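Below is one structure; the comments refer to it alone.
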Amino acid sequence: MEEQDQLQDQDDSKQHKEKKKRKTLKELKENRRMTLELPVETSILRLIFAVVYLAAGFILMAVFGQFEQTQIPSQYWGTTAVAILITALFIAITFKFEGEAKRNWRIILGVLIFFLIIAMHQTTCGMPVWTSSRFDPLGIFQFGVAVLIIGALILLFFAITNRLRLSIRIVMIALFILSCVNYFLLKFRGDPFYLGDLMTANTGLEVAKNYAIGISGTIIAGIYMAIAAYAVSTNVKTKYFADDKKKSRRLRLGALGATAAIAVLIAVLPLEDVYDSWSPSSNQYITAFTTNAKLLHVKKPSGYSATAAKNIVKNGSKKASAEVKKSTAAGKKATEAVASGKKPTIIAVMNESFSDLSVLGNFQTNEDYMPFFRSLSKNTVRGNLYVDVYGAGTCNTEYSFLTGNSTAFVPENTRPYQMYVNYQTPSLAKNLKAQGYETYAMHPGKSSAWKRNKVYPYLGFDHTYFYEDSFSNAALTRNSYVSDRATYQKIIDLYKNRGSKPQFIFDVTIANHGGYDVGTNGMEQVKITSMPNQKGSVEHTDADEYLTLIKESDTALKEMIDYFKSQDEPVAVVFFGDHQPRLDNSFYEDVKGKSLGSWSNEELQQRYITPYIIWTNYDINSQSGKNLSVNYLQTTLLQTLGLRTTAYDKYEQSMYDKMPVLNYKGAITSDGDYLTLDDAEKYNTQVQNYQKVLYNNMFDKHNRNRSLYLLKNAPDGKTDDELRPYLEKYRKKYGNNTLMNVVN
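For the sequence shown, my numbering assigns the number 1207 to the initial residue and increments by one for each residue that follows.
Here it is as structure tokens:
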């Protein structure tokens, strides 16, 4: 009996275990079924709309691909297709997770939104989503910083609004607009849009009117990704703790604290060490934008003091004294003329985009595009001029010539005219006024371009002439730009009506301004006939138009020089280009026979070369092949003409003797050795000392050693209070004149 009971108990226990096992399996199946059965909301209408969007998205993508302008580049096909699929998915359904799954889902949503926003703004800019073809440390670092920046922006707006979905969309729209602006600036000038450009927004808007602005394939791809990010954000909770103000306040304060923490982290990270200034389009754009914003504040060089800068200049000027005396004696008649009180009329022409592209390679044209300029040899000093900008940034070259200060060390795309000039800024015009000169400045563009209407009086120019008051009825080149001849005629008119004082006339031309797809009807056409590294037919229409314009400028220069050759009074002309033009990349690749990405630093430096010449209508010792960077040009001019120079001029002569080229893309020593700018800053004591002097002259305005940079009796420029009535009167008279929409 007991045995039977034991057997029965064993059976019951076995059955219980099996029953429990079956129950467990049933629960597991039910749980699995619950997991597999996604909690979603949808409707027939939403499904239909999703299918329609999916079909329309790919059809439009194919249609856009039929046109070169709107064709989505192949590297963005994958991300664009994924964006279309994601949008269709989130149109069709809304996910409703709970518990642990809800938390995981939020993480997935966050990753997806961040990826789409970054992909959107990189694609819209025409930049790679990753900064490298492989997942290298540079690419990962820049991508990570971009995530931090976008996260900080979203948190900041969330702290303000308490609406996460709205915050995401605000940041997304703002970044899309920023990316579009950056795309067009990259296209037109080759440089990205940075914070410093906001100070030149008016100039940029005027310039934009002369370019063909249209939607591109990258912008279309960016729109697809923006739509996808918007669709994904519909699954993000709108408002947190709407009914609990205390918790809501804590959450928003936490978001604000996190924003501040990220800002501090970004401030201390060495972003400048991972920014590729040689290839701006290879950077993670939002990271590069933030890096530039960081650099707007120029740090004091290590070991800087006003006293240290003064000692550097004084020591350098002493070493240069013998060379300066030698230089001023180079033109005996020039020195005698100055000594007898006959100072020469000085005409400085900075010609828009004037350059000799043969420095890049020996391509052939149907005729010489600058025959007169090349022919000038008697009574000339000439060579290559190394500038700090390419394709844009005219005012940087202008600033360097007028002040002698290099802009190689200022943050990228900042413009000294907007940021570093006031009525006390030392300048060539002020030092010539101290020697009895009357000073004139002209530019046939809008007076407000690069703030010239304020900057020229700041720098000591007595008279200014702009489009509104002097060139509104002048002859135009390509029906858009005031011709070189018109400005040269103005120079001749000023010379004819001169008073008893010698004249310094500064002319910034505009006729050769890009873009180069406007047409050159009525001009002598120059065409490229062969490239050294291209077989078959050559087709570079933008380069042909540009070279045709240079031929026109060359002819106009001849007419002006011929006039002054016939004058009995001493006249000196310094003529130089502000920067090379920005042409299609295919031109540069054909001229070198390789992609831009494979150019060496020295080859890239060649895009920062323009020609210069100093010509006089009296005897001086001629010199050719005197290559120099633009910061040395005013010193070279003054020494050639036998005029007085400052301690700073003499110091720069000592700099030139050892390092004749120092610009944004590097340095070239007197021995011909090339240094990158980074290496020059780190290892060259002469460059380190020069940075201290520049800081004193450009940035340390309260401790500037005025006597180093200005001659005795050199005046200050006009103050803002002195300028205000003049500017207001000018605005009232010419403010509505919008016939000329080109500035430079």
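Ideal Cβ placement from N, Cα and C applies to all residues, glycine included. All figures in this text were calculated on a predicted structure; none of them were measured in a lab.
- Of the candidates 1519, 1512, 1264 and 1451, the residue whose Cα lies closest to the Cα of residue 1861 is 1519.
- Beta-carbon to beta-carbon, residue 1905 and residue 1504 are separated by about 5 Å, close enough to satisfy the 8 Å threshold.
- When DSSP states are grouped into helix, strand and coil, residue 1640 belongs to the coil group.
- Cα atoms of residue 1251 and residue 1257: separation of roughly 10 Å, rounded to the nearest angstrom.
- Counted as a single uninterrupted DSSP element, the alpha helix (DSSP H) harbouring residue 1472 occupies residues 1451-1474.
- Only exposed fits residue 1927, as fewer than 16 other CB atoms lie within 10 angstroms of its CB.
- Separation of the CB atoms of residue 1822 and residue 1776 is rounded to 7 Å, and the pair is thereby assigned contact status at 8 Å.
- For a cut-off of 8 Å, the C-beta gap from residue 1327 to residue 1399 is around 12 Å, too long to register as a contact.
- Per DSSP, reduced to three states, the secondary structure at residue 1821 is strand.
- Under DSSP, no beta-bridge partner is assigned to residue 1297.
- Judged by DSSP in its simplified three-state form, residue 1588 adopts strand.
- Inter-residue distance for residue 1431 and residue 1292 is about 9 Å (C-alpha atoms, whole angstroms).
- The alpha-carbon of residue 1898 is positioned some 20 Å away from that of residue 1500.
- By the Cβ neighbour-count rule, residue 1434 is buried, with 16 or more other Cβ atoms within 10 Å of its own.
- With three or more CB-CB distances shorter than 8 Å, the segment 1846-1866 counts as touching the segment 1910-1926.
- Going by beta carbons, residue 1633 and residue 1609 fall inside the 8 Å limit.
- A Cβ-Cβ separation of about 13 Å leaves residue 1471 out of contact with residue 1493 under the 8 Å criterion.
- Our two residues, residue 1510 and residue 1882, have alpha carbons roughly 23 Å apart in a direct line.
- Annotated three-state conformation of residue 1503 is coil, per DSSP.
- For residue 1670, DSSP records a beta bridge to 1647.
- Around the beta-carbon of residue 1323, 16 or more other beta-carbon atoms lie within 10 Å, marking it buried.
- In the DSSP assignment, residue 1877 falls outside any alpha helix (DSSP H), carrying neither H nor E.
- Here DSSP, grouped into helix, strand and coil, assigns residue 1902 to helix.
- Comparing alpha-carbon positions, the option among 1555, 1506, 1369 and 1785 lying closest to residue 1454 turns out to be 1369.
- Your pair residue 1664 and residue 1924 checks out as a contact, with CB atoms roughly 7 Å apart and the cut at 8 Å.
- If you compare the alpha carbons of 1795, 1331, 1300 and 1469 with that of residue 1279, the shortest gap goes to 1331.
- Within the model, the alpha-carbon separation for residue 1350 versus residue 1386 is close to 22 Å.
- Looking at 1269, 1782 and 1611, the one whose alpha-carbon comes closest to that of residue 1553 is 1782.
- By the 16-neighbour rule on beta-carbons within 10 angstroms, residue 1627 is buried.
- Here the alpha carbon of residue 1354 sits roughly 26 Å from the alpha carbon of residue 1426.
- Around the beta carbon of residue 1590, 16 or more other beta carbons lie within 10 angstroms, which makes this residue buried.
- For residue 1736, the secondary structure class from DSSP, reduced to helix, strand or coil, is strand.
- Here residue 1798 is buried, its C-beta having at least 16 other C-beta atoms within 10 Å.
- Per DSSP, the beta bridge partners of residue 1552 are 1710 and 1778.
- Cβ contact annotation for residue 1320 (same chain, cutoff 6 Å, sequence separation greater than five): 1353, in chain order.
- Counting along the chain, residue 1755 sits inside the alpha helix (DSSP H) bounded by residues 1747-1771.
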